[in-house]
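Peer 1: Chains as they are written, first to last, in our numbering: chain A, 1072 to 1558; chain B, 1471 to 1578. We put the beta carbon where it would ideally sit given N, CA and C, even for glycine.
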Amino acid sequence: MTQPWRWGAEAIVRRVRSGEVSALEVFESCLTRSRELEPNLGAYLDLAADDGRQRALAVDRKRRGGERLGELAGVPVAIKDNISVAGRPLTCASRILRGFVAVESATVVERLEAADAVIFGKCNLDEFGMGSSCESSAYQRTHNPWLHDRVPGGSSGGSAAAVASGVPVALGSDTGGSIRQPAAFCGVVGIKPTYGLVSRYGLVAFASSTDHIGPLTRSVRDGALTLGAIAGADPRDATCSHRPVADLMAGLEEGIEGIRLGVAEELEIDRLPADVYDAWQRSLAALEDLGAEIHSVSAPTLKAATACYYVLCCCEASTNLARFDGVRYGQRVPAETVDELLRASRSQGFGDEVKRRIMLGTFALSAGHYDDFYGRAESVRQALRRELEQAFERVDALLAPTAPSGAFGFDERTEDPIAMVLSDVYTTPASLTGMPAISVPNGRDAQGLPLGLQIIGPAFEDATVLRIGRAFEHQSAWRIDPLEEAA
Amino acid sequence: MTLGREDVQRIANLARLDLTPAEAERYTEQLNRMVDFCDQLQQLDVPPSTEWREPQASPEAEDRDAPCLPRRQVLHNAPQHHAGLLTVPAFKSVPKSQTAPAHPQDSE
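#1: Any C-beta of chain B within less than 7 Å: which residues of the region 1444-1474 of chain A qualify?
#2: Would you say Thr1433 (chain A) lies against chain B (beta-carbon separation less than 7 Å)?
#3: Just checking: is the beta-carbon of Tyr1400 (chain A) within a distance shorter than 7 Å of some beta-carbon in chain B?
#4: May I have a chain-ordered list of the beta strand (DSSP E) segments no shorter than 3 residues that lie completely inside the region 1214-1250 of chain A?
#5: May I have the straight-line CA-CA distance separating Ile1129 (chain A) from Arg1077 (chain A), to the nearest angstrom?
#6: Using beta carbons (cut-off 7 Å, strictly below), is Asn1502 (chain B) in contact with chain A?
#7: Just to check my reading of the structure: Gly1247 (chain A) and Ala1254 (chain A) have Cβ atoms closer than 8 Å, yes? What is that Cβ distance to the nearest angstrom?
#8: So for Val1510 (chain A), helix, strand or coil by DSSP?
#9: Arg1414 (chain A) versus chain B: which residues are under 8 Å apart at the beta carbon?
#10: Using a Cβ-Cβ distance cut-off of 7 Å, determine whether Phe1171 (chain A) contacts chain B.
#11: Residues bridged to Thr1288 (chain A) by DSSP?
#12: Please list the terminal residues of the continuous alpha helix (DSSP H) segment that includes Tyr1381 (chain A).
#13: Since Tyr1115 (chain A) is in the beta strand (DSSP E), which residue starts that stretch and which ends it?
#14: According to the Cβ coordinates, are Val1516 (chain B) and Tyr1497 (chain B) closer than 7 Å?
#15: State the start and end residues of the unbroken alpha helix (DSSP H) segment that holds Ile1539 (chain A).
#16: Please state whether DSSP places Gly1523 (chain A) in a helix, a strand or coil.
#17: Run down chain A in chain order and give the residues with a C-beta less than 8 Å from the C-beta of Leu1556 (chain B).
#18: Check whether the Cβ of Gln1479 (chain B) lies closer than 7 Å to any Cβ atom in chain A.
#19: Would you verify that the beta carbon of Cys1538 (chain B) is, or is not, closer than 7 Å to some beta carbon of chain A?
#20: With Gly1420 (chain A) as the anchor, note down where its alpha helix (DSSP H) starts and where it stops.
#21: Return helix, strand or coil for Ile1481 (chain B), following the three-state DSSP convention.
#22: To test your reading of the DSSP string, which unbroken alpha helix (DSSP H) runs of 4 or more residues are found completely within the region 1499-1548 of chain B?
#23: Between the beta-carbon of Arg1159 (chain A) and the beta-carbon of Ala1173 (chain A), is there less than 7 Å?
#24: Whether or not the region 1326-1336 of chain A and the region 1408-1425 of chain A are in contact is what I'm after, with contact meaning three or more pairs of Cβ atoms, one per stretch, closer than 8 Å; do they touch?
#25: Does Arg1403 (chain A) have its Cβ less than 7 Å from a Cβ in chain B?
#26: If you reduce the DSSP assignment to three classes, tell me which class Phe1561 (chain B) lands in.
#27: Interface residues of chain B around Pro1306 (chain A) at Cβ under 7 Å?
#28: Measuring only the C-alpha atoms, how far is Asp1341 (chain A) from Lys1374 (chain A)?
#29: When the cut-off is 7 Å and only beta carbons count, does Pro1549 (chain B) lie next to chain A?
#30: Counting pairs of Cβ atoms below 8 Å between the region 1386-1400 of chain A and the region 1507-1514 of chain A, do you hit three or more?
#31: For the region 1382-1396 of chain A, which residues have a CB atom closer than 7 Å to at least one CB atom of chain B, in sequence order?
#32: In terms of DSSP beta bridges, what is Ser1367 (chain A) paired with?
#33: So, for Leu1503 (chain A): in the same chain, excluding its five sequence neighbours on each side, which residues have a beta-carbon less than 8 Å away from its beta-carbon?
#34: Let me see if you follow: with CB-CB separation under 7 Å, is Val1156 (chain A) close to chain B or not?
#35: So is Pro1216 (chain A) buried or exposed if we call it buried at 16+ other beta carbons inside 10 Å?
#36: Can you have a look at Gln1575 (chain B) and say buried or exposed, based on whether 16 or more other CB atoms are within 10 angstroms of its CB?
Shown next as structure tokens:
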């Protein structure tokens, strides 16, 4: 028998349900593996060893008692540390939340537990989700399991590194590409569902109009399984849709014969570096071999998507992060007056990237600039949505690279906020429009590091996006095994 | 448009952030590059925003009484509290004769 840490979620569920292996054995195997690698990876801010064991034992007791086990029975799931798990630290990788302990669990965590998953630990991230490399974490660097002097991507870099090394599933959050880009950099699958499919209750808000929660896994099937478990209406999140959730596993193996896939001219794919371009071309050929038709489409506003995203996310961050004031929770710097307390707590509690974004947002929302920046960006977002909706009248899904490069080195982009945000150039359109998107490994760059192909669908066509991802992944030549080659 | 040091100080003040001289210098340079980058939005020919349209409409929730978190649990993460309330420094000075006697810090 192979070691349980190598198994995907589906295999774990099957074996735990049948009694071939206990949930505790699976948990201990993943814990031992993750602890071995942690000194070199730095994926976790908190490992929930005792809570996890208790939870795994409860799943095993349930099985012995003859109760039916949930759809994620015994599956260890790592959680990005901006999602609340009751009784565990919740830091958002920020100094300002050092010592904060969550008093209740996010809806997604409650749903994972209701499906008999086992919460494994809290993963590192860019501070409050702001960044594309995990380097803005106030606590530690996370290293790419494939090559330790490269970043894992971000902001869900800890979640991606965890899945590429020791646990089958992690949850991340994606505001401008924060699930998809690290998934691509670490050779795993990352899903940003349709806005409103998954409740954000218990996710610390960064930019509420583009914050999403979604899974990172080693296969599309495991991603669909996890997404199915966490999706659906939530009375605690007014932005969560009340539509019934389709069975995301049902049509996964139906193939993509005759499906129409679009590539937007404005992406200027031919300007990609040669290695990324080669992987892209091979991916299109593989999809055609599977029976897909590739069409060219146009969406002129795509070129401005990243600037539009940057303005909107900074504006929303500046208001969302106003709640961190050293008064009700988090770190407080003692001072003589309330104003001094507030300023000192914020100034010492927030890191560089967070301060930069709060200031850009404050500027863009200030009198005299609101119309030119925030108002303008909102108009651009609406135009982009209209253009993509028109494109979806001609095609079933759109394709794009996930990122314009493979994983880059530490410190290469930290002093240049524009270079950093340009890693998200292909992911921001789906963020702004709330459309579902998946990143699936599609080859390697010149250094042998993984690259990702992104598939974007119309709102609430998550099942279509997953089916295309699954068909693509099923081409064995495109599979890469992070467990064999990374860490 | 170009932001000067005093513009950046004004923005930091609005955001309740104190900047060191080194930060003020660095952020002035970086914010100018960010504003330049975002300026490309002005070049686009798009109709003005009308209203924010959610990708889906959700029904409004019914107003209902429900239990909230116990006060003790909420205060667990408070940096300083006393007698079940959050404490902060005085907002304005009060003549000594009117001040309440000092209480020991609530250690809950």
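Peer 2: Judging by the given coordinates:
#1: So the close ones are Phe1444, Gly1446, Arg1447, Ala1448, Glu1449, Ser1450, Val1451, Gln1453 and Ala1454.
#2: For Thr1433 (chain A), the answer is yes, since a Cβ of chain B falls inside 7 Å of its Cβ.
#3: With 7 Å as the cut-off, Tyr1400 (chain A) counts as an interface residue toward chain B.
#4: For the region 1214-1250 of chain A, whole beta strand (DSSP E) runs of length 3 or above, ordered along the chain, are 1240-1245.
#5: Ile is not the amino acid found at residue 1129 (chain A); the sequence shown has Ala there. Pairing Ala1129 (chain A) with Arg1077 (chain A), the inter-Cα distance amounts to about 23 Å.
#6: Nearest CB-CB separation between Asn1502 (chain B) and chain A: not below the 7 Å threshold.
#7: About 14 Å separates the two Cβ atoms, so there is no contact after all.
#8: With the sequence shown as reference, residue 1510 (chain A) is identified as Ser, and Val is not the correct amino acid for it. Of the three classes helix, strand and coil, the one that applies to Ser1510 (chain A) here is strand, per DSSP.
#9: Per Cβ cutoff of 8 Å: Arg1486, Leu1487 and Asp1488.
#10: At least one chain B Cβ lies under 7 Å of Phe1171 (chain A).
#11: Under DSSP, Thr1288 (chain A) shares a beta bridge with A:Val1240 and A:Val1260.
#12: It spans Ala1376 to Asn1391 - the alpha helix (DSSP H) in which Tyr1381 (chain A) sits, taken as one unbroken run.
#13: Counted as a single uninterrupted DSSP element, the beta strand (DSSP E) harbouring Tyr1115 (chain A) occupies residues Tyr1115 to Leu1118.
#14: No, they are not a contact pair.
#15: Looking at the DSSP string, the run of the alpha helix (DSSP H) that includes Ile1539 (chain A) is Asp1533 to His1545.
#16: Gly1523 (chain A): strand per DSSP, three-state reduction.
#17: Residues of chain A whose Cβ lies closer than 8 Å to the Cβ of Leu1556 (chain B) are, in chain order, Val1398 and Arg1399.
#18: Chain A contact via Cβ: absent.
#19: False, the Cβ-Cβ gap to chain A never drops below 7 Å.
#20: According to the DSSP assignment, Gly1420 (chain A) belongs to the alpha helix (DSSP H) that extends over Val1409 to Gly1420.
#21: Ile1481 (chain B): helix per DSSP, three-state reduction.
#22: Secondary structure within the region 1499-1548 of chain B: the alpha helix (DSSP H) runs of 4 or more consecutive residues, fully enclosed, are 1541-1545 (chain order).
#23: In contact: Arg1159 (chain A) and Ala1173 (chain A) (Cβ atoms closer than 7 Å).
#24: No, because fewer than three Cβ pairs between the region 1408-1425 of chain A and the region 1326-1336 of chain A fall closer than 8 Å, the two stretches do not touch.
#25: It does: the Cβ of Arg1403 (chain A) has a partner Cβ on chain B nearer than 7 Å.
#26: Coil.
#27: Contact of Pro1306 (chain A) with chain B by beta-carbon distance below 7 Å involves Ala1531.
#28: Distance between Asp1341 (chain A) and Lys1374 (chain A), taken at the CA atoms: about 15 Å.
#29: Yes, Pro1549 (chain B) lies at the interface with chain A (some Cβ there is under 7 Å from its Cβ).
#30: Contact between the region 1386-1400 of chain A and the region 1507-1514 of chain A is absent: fewer than 3 CB-CB pairs across the two stretches fall below 8 Å.
#31: Residues Val1382 and Ser1389.
#32: Partner(s): A:Val1334.
#33: Excluding its 5 nearest sequence neighbours in each direction, Leu1503 (chain A) has C-beta neighbours in its own chain below 8 Å: Thr1281, Ala1376, Cys1379, Tyr1380, Leu1383, Arg1452, Leu1455 and Arg1456, listed in chain order.
#34: Interface flag for Val1156 (chain A) against chain B is unset, since no Cβ pair is found closer than 7 Å.
#35: Classification for Pro1216 (chain A): buried.
#36: Low per-residue confidence applies at Gln1575 (chain B): pLDDT is 46, beneath 50, and the placement is therefore not dependable enough to give any value.
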